[in-house]
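S.K.: Residue numbers (our numbering): 9 to 134.
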Amino acid sequence: MKILVTADVHLGFRALGKVERGINVRERDTYEAFFRVLEVVHRERPDVVFIAGDLFDSRRPSVDAYNVAFEVLSYFPPTYIVAGNHDNDSPFNRSPLRVLPRRLPNVRVFLKPGIEKVGDLTVFFL
Numbered sequence: 009m010k011i012l013v014t015a016d017v018h019l020g021f022r023a024l025g026k027v028e029r030g031i032n033v034r035e036r037d038t039y040e041a042f043f044r045v046l047e048v049v050h051r052e053r054p055d056v057v058f059i060a061g062d063l064f065d066s067r068r069p070s071v072d073a074y075n076v077a078f079e080v081l082s083y084f085p086p087t088y089i090v091a092g093n094h095d096n097d098s099p100f101n102r103s104p105l106r107v108l109p110r111r112l113p114n115v116r117v118f119l120k121p122g123i124e125k126v127g128d129l130t131v132f133f134l
């Protein structure tokens with residue numbers, strides 16, 4: 009089984025206030041980096057993708073961050089996402105990850121520790 013693992017994507021992260029072509033430069037960098045992960049998926053053809061925390065930079069991502077997530081993840085093979093400290097549930101906000109499996113049948117989200125059988129593997133998601 010071929011597995012691709014990535015983490016700390018931080019879609020929607022903004023820094024430094026520098027804007028080019030109508031978007032924060034650092035925010036654009038996160039989107040471009042995630043599209044590069046998609047290129048690796050197309051080239052390497054993994055059987056499964058694990059995103060080990062912080063797909064989003066915030067519990068309240070922008071529309072652009074959601075759109076990039078939906079677009080890129082729609083091309084991934086079965087994908088397992090673990091919530092990180094930036095996109096987990098909190099007392100005041102629900103995790104933005106909750107919406108992904110509703111629109112993407114290839115995506116499974118873990119907001120709490122869990123065990124999942126993935127092919128011949130038993131994976132512990134913490």
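Don't be surprised by glycine CBs; every beta carbon is placed ideally from N, CA and C.
1) Do you know offhand how far residue 92's Cα is from residue 69's?
2) Would you mind reading off the limits of the beta strand (DSSP E) that contains residue 88?
3) For the alpha helix (DSSP H) holding residue 33, just list the boundary residues, first then last.
4) Which class does residue 111 belong to by DSSP, given the choice of helix, strand or coil?
5) Between which two residues does the alpha helix (DSSP H) holding residue 17 run?
6) Which one or two residues does DSSP pair with residue 28 in a beta bridge?
7) With H, G and I counted as helix, E and B as strand and the rest as coil, what does DSSP make of residue 8?
8) With three or more beta-carbon pairs closer than 8 Å as the criterion, would you say the region 53-63 touches the region 80-91?
9) Could you check how far apart the C-beta atoms of residue 10 and residue 47 are, in whole angstroms? I think they sit under 8 Å.
10) Among residues of its own chain, excluding the 5 on either side of residue 106, which ones have a beta-carbon nearer than 6 Å to its beta-carbon?
11) Could you pull out every residue in the same chain whose Cβ sits closer than 8 Å to the Cβ of residue 20, ignoring the five residues on either side in sequence?
M.R.: On the basis of the data shown:
1) 14 Å
2) Run containing residue 88: 87-90, per the beta strand (DSSP E) assignment.
3) 33-52
4) helix
5) Counted as a single uninterrupted DSSP element, the stretch harbouring residue 17 is not any alpha helix (DSSP H), since DSSP gives it neither H nor E.
6) 31
7) This structure gives no information on residue 8, because the portion of the chain shown stretches from 9 to 134.
8) yes
9) Residue 10 to residue 47, Cβ: 16 Å. No contact.
10) none
11) Excluding residues within five positions, the ones whose Cβ falls inside 8 Å are 35, 38, 64, 65, 66, 69, 70, 72, 73.
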